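Protein chains in written order, with the numbering used here: chain A, 106 to 396; chain B, 497 to 860.
As structure tokens, then:
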């Protein structure tokens, strides 16, 4: 009996150990650095306790980056789902399977593009003089419009690229999910006096609740890692209008002042905040589904 | 309450005719059963009534109103599906109330009707349960409650009992029969199970390859099958068939099989060969002095069925089944000599399979 109970541990231990090293060593190192006053220009450093964290609370640029990050999360996750679900329903309702499959392949292409390439393509598309995306606006207003240089429109413009990549991909996933649903409840609903929109609102989407919630979480994690997209398109600008937490940490650590410890404390805070936020949201979603 | 009329209804998928020229009138309050083997088009016709399949040709009218182009919800029909088709994320109450909510009926009225339907089907204690947490029989009951609560003009049942086990199936069959007695709603019921068809139907519509083989009461279909196909499809154990050479028109009797075929009952019309049929239950052991209508052979299989036993033997190259009381059952290897009364003989054209029974004898 002992052998039988220990054998799984023996087999999984090496993998778990490797994963633990990969996950925990950088994390512990980050925490360690966050508690010092290390600086790229100086080889020496001291432990300063929570001084970095205290400084963050009084740093308006940090607070701005937190609110930018939160706004970016909400904007991109909501926009992705709001594009993906209706687009999927539209595809599912109106196109024959062959056309639908062709469009699905087309919709996956943006997500296959490396994010940096997508960002460059779109940065050019939004170029005030030559950009294809702003061409109609230029025609209407008769003057060049730089959406990425305007603090009010910059984040939305970057979000368009994010949704272009992820909203379309998610639409394909939702179409495939819709295709897996049994047809009979839909037919029963048709006979139950439900209109098309009611069938989706009351039957199809609730039936897909679990996978849709998972997609939301996937997108939340993904949106947290939009550094490369924002970096290429705006570098956090104009000013600090699109400076997310990771962007600010990066610029504090490596670009502006080399304050590694200060940047590290931001990273640690971000990790803690996302862990807590995700745990709470996950629990909440599960409880909500069960009721 | 509603009547249905089908005029030249057709259904094509590409070049394939699934249903061609289907004509039928279903009277108000009637319980009609579409019976037939898989792929005979019975479910397709049902789905055309529901509006779930487009009608390729002809006219379908409910209560005199052509509904070909109406959406399902505008047809005033309710359907019970084979796999129940409940809304998995809703409670039993939610499932039953869903249609009423879509019909914009008041909350109190919905509550009243849901509870009354639940009471009819014995679901009172289950209203708050999730539909997926129920057994198959309970789920089908919810599906039926969901259909009756809307008080539709026509009920459609698409093989509603196929997914239930045998005992539950019998039970639910009785419940459906009772429900129809109580509600008297026009019902179209699709099944491949002849027992369901025989016990539930006012009239059976027997289908084959998308065309009607015979329409009639269960009794008519059983006693006066229109064709060899109907005769073989209806009745368990299945009817025995033999090819018979007729020896001369004056005394139609085969040499090989000593079977008398009465020209007064059958329209033999100079045929030299016919197919005759006799049901296993109509065969009985012959007395020594009986010489007419004798079928004999050596028993090679006995299936014990409870009260009866089905014995199988070879006669004139054909397998013959005969139902005998279980106590009188012979043993494997015994020689048996069976006979039957002339009235129970059926005869069919060898080419077309149509019944040769004369019209006065046959169906109206």
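A virtual CB, placed ideally from N, CA and C, is assigned to each residue, including glycine. The structure presented is a predicted model; accordingly, all values stated were derived computationally and were not measured.
Expected contact under 8 Å - CB spacing of residue i and residue j to nearest Å
{"i": "residue 684 (chain B)", "j": "residue 542 (chain B)", "result": "6 Å"}
{"i": "residue 261 (chain A)", "j": "residue 185 (chain A)", "result": "Not really, about 14 Å apart at Cβ, beyond 8 Å."}
{"i": "residue 664 (chain B)", "j": "residue 632 (chain B)", "result": "7 Å"}
{"i": "residue 596 (chain B)", "j": "residue 609 (chain B)", "result": "6 Å"}
{"i": "residue 144 (chain A)", "j": "residue 363 (chain A)", "result": "6 Å"}
{"i": "residue 656 (chain B)", "j": "residue 628 (chain B)", "result": "Actually they are not in contact, since the Cβ atoms of residue 656 (chain B) and residue 628 (chain B) sit about 18 Å apart, beyond 8 Å."}
{"i": "residue 573 (chain B)", "j": "residue 545 (chain B)", "result": "6 Å"}
{"i": "residue 500 (chain B)", "j": "residue 711 (chain B)", "result": "Wrong, their Cβ atoms sit about 13 Å apart, outside the cutoff."}
{"i": "residue 642 (chain B)", "j": "residue 591 (chain B)", "result": "6 Å"}
{"i": "residue 558 (chain B)", "j": "residue 697 (chain B)", "result": "Contact doesn't hold; Cβ gap of about 20 Å is too wide."}
{"i": "residue 654 (chain B)", "j": "residue 701 (chain B)", "result": "With 8 Å as the limit, residue 654 (chain B) and residue 701 (chain B) do not qualify as a contact, their Cβ atoms being about 15 Å apart."}
Close Cβ partners of residue i (< 8 Å) along its chain, the five nearest in sequence each way excluded
{"i": "residue 227 (chain A)", "result": "238, 265, 266, 269, 338"}
{"i": "residue 803 (chain B)", "result": "821, 822"}
{"i": "residue 281 (chain A)", "result": "209"}
{"i": "residue 171 (chain A)", "result": "350"}
{"i": "residue 320 (chain A)", "result": "186, 189, 275, 278, 279"}
{"i": "residue 332 (chain A)", "result": "349, 351, 352, 355"}
{"i": "residue 513 (chain B)", "result": "506, 507, 706"}
Closer than 7 Å to chain A by CB, residue i
{"i": "residue 599 (chain B)", "result": "yes"}
{"i": "residue 800 (chain B)", "result": "no"}
{"i": "residue 583 (chain B)", "result": "yes"}
{"i": "residue 753 (chain B)", "result": "Its pLDDT being 49, under 50, residue 753 (chain B) is placed unreliably in this model, and the coordinates cannot settle the point."}
{"i": "residue 568 (chain B)", "result": "yes"}
{"i": "residue 548 (chain B)", "result": "yes"}
{"i": "residue 747 (chain B)", "result": "Residue confidence for residue 747 (chain B) is low, a pLDDT of 36 falling below 50, so the modelled location carries little weight; the figure read from the coordinates is stated next. Residue 747 (chain B) does not count as touching chain A."}
{"i": "residue 530 (chain B)", "result": "no"}
{"i": "residue 595 (chain B)", "result": "yes"}
{"i": "residue 575 (chain B)", "result": "yes"}
{"i": "residue 579 (chain B)", "result": "yes"}
N-terminal and C-terminal residue of the beta strand (DSSP E) that residue i is part of
{"i": "residue 699 (chain B)", "result": "699 to 704"}
{"i": "residue 842 (chain B)", "result": "842 to 845"}
{"i": "residue 653 (chain B)", "result": "650 to 654"}
{"i": "residue 831 (chain B)", "result": "831 to 835"}
{"i": "residue 142 (chain A)", "result": "Per DSSP, residue 142 (chain A) belongs to no beta strand (DSSP E) and is neither H nor E."}
{"i": "residue 270 (chain A)", "result": "First-last for residue 270 (chain A): 259 to 285, but that is the alpha helix (DSSP H), not the beta strand (DSSP E)."}
{"i": "residue 811 (chain B)", "result": "804 to 811"}
{"i": "residue 370 (chain A)", "result": "From DSSP, residue 370 (chain A) is part of no beta strand (DSSP E) but of the alpha helix (DSSP H) over 365 to 395."}
{"i": "residue 635 (chain B)", "result": "Premise fails: residue 635 (chain B) lies in the alpha helix (DSSP H), 632 to 644, not in any beta strand (DSSP E)."}
{"i": "residue 224 (chain A)", "result": "Unbroken run through residue 224 (chain A) is the alpha helix (DSSP H), 220 to 230; no beta strand (DSSP E)."}
{"i": "residue 741 (chain B)", "result": "736 to 741"}
{"i": "residue 501 (chain B)", "result": "500 to 509"}
Minimum C-alpha distance to residue i - residue among the options
{"i": "residue 703 (chain B)", "options": "B:506, B:538, B:520", "result": "B:538"}
{"i": "residue 515 (chain B)", "options": "B:551, B:599, B:620, B:663", "result": "B:551"}
{"i": "residue 246 (chain A)", "options": "A:358, A:369, A:233, A:164", "result": "A:233"}
{"i": "residue 524 (chain B)", "options": "B:582, B:694, B:530, B:682", "result": "B:682"}
{"i": "residue 142 (chain A)", "options": "A:379, A:368, A:201, A:393", "result": "A:368"}
{"i": "residue 766 (chain B)", "options": "B:757, B:774, B:817", "result": "B:757"}
{"i": "residue 811 (chain B)", "options": "B:737, B:603, B:825, B:780", "result": "B:737"}
{"i": "residue 722 (chain B)", "options": "B:526, B:848, B:565", "result": "B:848"}
{"i": "residue 167 (chain A)", "options": "A:371, A:133, A:385, A:115", "result": "A:371"}
{"i": "residue 776 (chain B)", "options": "B:576, B:508, B:791, B:587", "result": "B:791"}
{"i": "residue 809 (chain B)", "options": "B:838, B:779, B:635", "result": "B:779"}
CB contact check: residue i to chain B, cutoff 7 Å
{"i": "residue 315 (chain A)", "result": "no"}
{"i": "residue 118 (chain A)", "result": "no"}
{"i": "residue 132 (chain A)", "result": "no"}
{"i": "residue 371 (chain A)", "result": "no"}
{"i": "residue 257 (chain A)", "result": "no"}
{"i": "residue 296 (chain A)", "result": "yes"}
{"i": "residue 299 (chain A)", "result": "yes"}
{"i": "residue 233 (chain A)", "result": "no"}
Same chain, Cβ closer than 6 Å to residue i, five either side skipped, listed in chain order
{"i": "residue 768 (chain B)", "result": "742"}
{"i": "residue 374 (chain A)", "result": "none"}
{"i": "residue 153 (chain A)", "result": "142"}
{"i": "residue 221 (chain A)", "result": "333, 337"}
{"i": "residue 325 (chain A)", "result": "182"}
{"i": "residue 322 (chain A)", "result": "none"}
Span of the alpha helix (DSSP H), counted from its first residue to its last, around residue i
{"i": "residue 724 (chain B)", "result": "724 to 729"}
{"i": "residue 609 (chain B)", "result": "603 to 616"}
{"i": "residue 599 (chain B)", "result": "Neither: residue 599 (chain B) is in no alpha helix (DSSP H) and is coded neither H nor E."}
{"i": "residue 325 (chain A)", "result": "314 to 329"}
{"i": "residue 190 (chain A)", "result": "165 to 199"}
{"i": "residue 791 (chain B)", "result": "Note, residue 791 (chain B): premise wrong, no alpha helix (DSSP H); beta strand (DSSP E) at 791 to 800."}
{"i": "residue 512 (chain B)", "result": "Per DSSP, residue 512 (chain B) belongs to no alpha helix (DSSP H); it is in the beta strand (DSSP E), 512 to 522."}
Own chain, CB closer than 7 Å to residue i, minus 5 neighbours either side, in chain order
{"i": "residue 566 (chain B)", "result": "547"}
Contact test: residue i Cβ vs the ligand MG heavy atom, cutoff 6 Å
{"i": "residue 146 (chain A)", "result": "Looking at this structure, you won't find the ligand MG or any other ligand, since it has none at all."}
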